[in-house]
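Comments concern the structure below.
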Amino acid sequence: MTVALTYALPMYRAKDIGWLALESLCRQENIDFDWELIILEEPQQSMGESKVFEYQNRLEQIGCVRLEYVALPAWIPLSQKWVNMAKLADSEGFLLAGCDDYAPPNRLSETKAIFDAGAEWAHTPVGLFYDIANDNFGVFDFYSQSSHPCGLDKAGRTDILKAAFPAKATRASGVDGWVYDQVVNLLGRTPDIHVNKSVDWKRGLFTDGLNNISSKRRRLYSENPRPPFRHVKPHEPQTLEAILPSELAIKLRAARCSALARKEFIK
């Protein structure tokens, strides 16, 4: 049975932060369709299958009809993870996600509406980032620069990504842009892009520090932001409590304090 969306969630070193992504999925809003969650995870500091499946009942209550967890025997490049997850997907739209991020509550519903309208690619132009180690915020702003090929919360039509991806991929950095380039190469043109200008991004969060996916990214936004990042504006959320449900803000602060005590932040 083909479902509306695949939420593709690669995990790496997710033991202390993977819960954040799963909690955001359990709190999705306006879901009146079937979707699936696919997770690939290496053994290094893993969250683990049993912890992931603790969320199954809550996910099912908001339309997740399939939870697929694949335990990898060893590390593979992130690009190969996308390839493998696309092969497993049985959906109309494929959402690229991060295991250290809190998806805005309407990410699934808004993305479905975008693909229902005929888009081939979707992204969000603005998003909040949080450097957990230094307790600093920054904002990715697609409109503040011209070099980045796509924004945040990226998604592509599943059939296009399946056809676009090579059988073997070795790209380990700049992978989001690599995914977009595969689509362009397949189509021979810029895809039909829908830029999601909803303000729902203010209820989402991208984090750095408790694993090492995009570990160098915080240098671009944490203290002295430079394009495509900027400072948070006065009217934008500036605290965890303004973004996350209170119990999750407390849990993230506790995870931060624990990591500080163990000196385990990824630098």
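Take 2 as the starting number for the sequence shown in this note's numbering and just add one per residue. Just so you know, even glycine gets a beta-carbon here, dropped at the ideal spot from N, CA and C.
On the DSSP bridge list, what partners appear for Ala123?
Residue mapping note: residue 123 aligns to position 122 of the sequence shown, counting from 1. DSSP, once it has assigned bridges, lists Ala156, His195 as partnering Ala123.
If distances are taken between C-alpha atoms only, which option among Asp102, Glu121, Ala75, Trp76 comes closest to Gly94?
Start at 1 with the first residue of the sequence shown, and residue 94 comes out as number 93. Nearest of Asp102, Glu121, Ala75, Trp76 to Gly94, Cα basis: Glu121.
Limits of the unbroken alpha helix (DSSP H) element including Leu23
As a position in the sequence shown, residue 23 is number 22, starting the count at 1. Taken as a continuous stretch (DSSP letters only), the alpha helix (DSSP H) holding Leu23 covers 19 to 27.
Please classify Tyr222: is it buried, with 16 or more other beta-carbons within 10 angstroms of its beta-carbon, or exposed?
Start at 1 with the first residue of the sequence shown, and residue 222 comes out as number 221. Burial call: buried.
What span of residues does the beta strand (DSSP E) with Leu65 cover, start to end?
Taking the first residue of the sequence shown as position 1, residue 65 is located at position 64. Here residue 65 turns out to be Cys, not Leu, going by the sequence shown. Looking at the DSSP string, the run of the beta strand (DSSP E) that includes Cys65 is 65 to 72.
How big is the Cα-Cα spacing for Lys234 and Leu38?
Sequence index remark: in the sequence shown, residue 234 carries index 233 (1-based). Sequence index remark: in the sequence shown, residue 38 carries index 37 (1-based). C-alpha separation (whole angstroms): 34 Å.
By the three-class DSSP mapping on this structure, what secondary structure does Val233 have?
Within the sequence shown, the letter at position 232 stands for residue 233. Val233 falls in the coil class under three-state DSSP.
Exposed or buried, which one is Pro44 when buried takes at least 16 other CB atoms within 10 Å?
Looking up residue 44 in the sequence shown gives position 43. Classification of Pro44: exposed, given that the 10 Å Cβ count is below 16.
DSSP three-state call for Ala75: helix, strand or coil?
Against the sequence shown, residue 75 aligns to sequence position 74. Of the three classes helix, strand and coil, the one that applies to Ala75 here is coil, per DSSP.
Identify whether Glu37 lies in helix, strand or coil by the three-state DSSP scheme.
In the sequence shown, the residue the question calls residue 37 occupies position 36. Of the three classes helix, strand and coil, the one that applies to Glu37 here is strand, per DSSP.
Other residues of its chain near His232: CB distance less than 6 Å, five sequence neighbours each side excluded
By one-based count along the sequence shown, residue 232 stands at place 231. Within the same chain, His232 has close Cβ partners Pro226.
CB contact flag (Thr3, Asp91, <7 Å):
Numbered from its first residue, the sequence shown carries residue 3 at position 2. Numbered from its first residue, the sequence shown carries residue 91 at position 90. Yes, the Cβ-Cβ distance between Thr3 and Asp91 is below 7 Å.
Would you tell me roughly how many angstroms separate the C-alpha atoms of Thr159 and Leu188, rounded to the nearest one?
Taking the sequence shown and counting its residues from 1, the one referred to as residue 159 is at position 158. Taking the sequence shown and counting its residues from 1, the one referred to as residue 188 is at position 187. Rounded to whole angstroms, Thr159 to Leu188 spans 14 Å at the Cα level.
Simplified DSSP assignment, three categories, for Met12
Here residue 12 corresponds to residue number 11 of the sequence shown, with the count starting at 1. Here Met12 sits in strand by DSSP.
For the candidate residues Leu162, Asp35, Asp154, Arg28, whose alpha-carbon lies nearest to that of Asn186?
The residue given as residue 186 occupies position 185 in the sequence shown. Of the candidates Leu162, Asp35, Asp154, Arg28, the one whose C-alpha sits nearest the C-alpha of Asn186 is Leu162.
Using alpha carbons as the reference points, say which of Trp83, Cys27, Asp101, Gln46 lies closest to Glu61.
By 1-based counting over the sequence shown, the position of residue 61 is 60. When only C-alpha atoms are compared, the closest one is Cys27.
Let me know if Glu42 comes out buried or exposed under the rule of 16 or more other beta-carbons within 10 Å of its beta-carbon.
In the sequence shown, residue 42 corresponds to position 41, counting from 1. Flag for Glu42 reads buried.
For the ligand SAM, is there a heavy atom less than 6 Å away from the beta-carbon of Leu153?
With respect to the ligand SAM, the structure shown offers nothing to examine, as it has no ligands at all.
Using the Cα positions of Asp117 and Asn107, report the straight-line distance between them to the nearest angstrom.
Working through the sequence shown from its first residue, we reach residue 117 at position 116. Working through the sequence shown from its first residue, we reach residue 107 at position 106. In a straight line, the C-alpha of Asp117 is about 15 Å away from that of Asn107.
Starting from Phe116, trace the alpha helix (DSSP H) both ways and give me its first and last residue.
The residue you call residue 116 lines up with position 115 of the sequence shown. 108 to 117 is the span of the alpha helix (DSSP H), which, as asked, contains Phe116.
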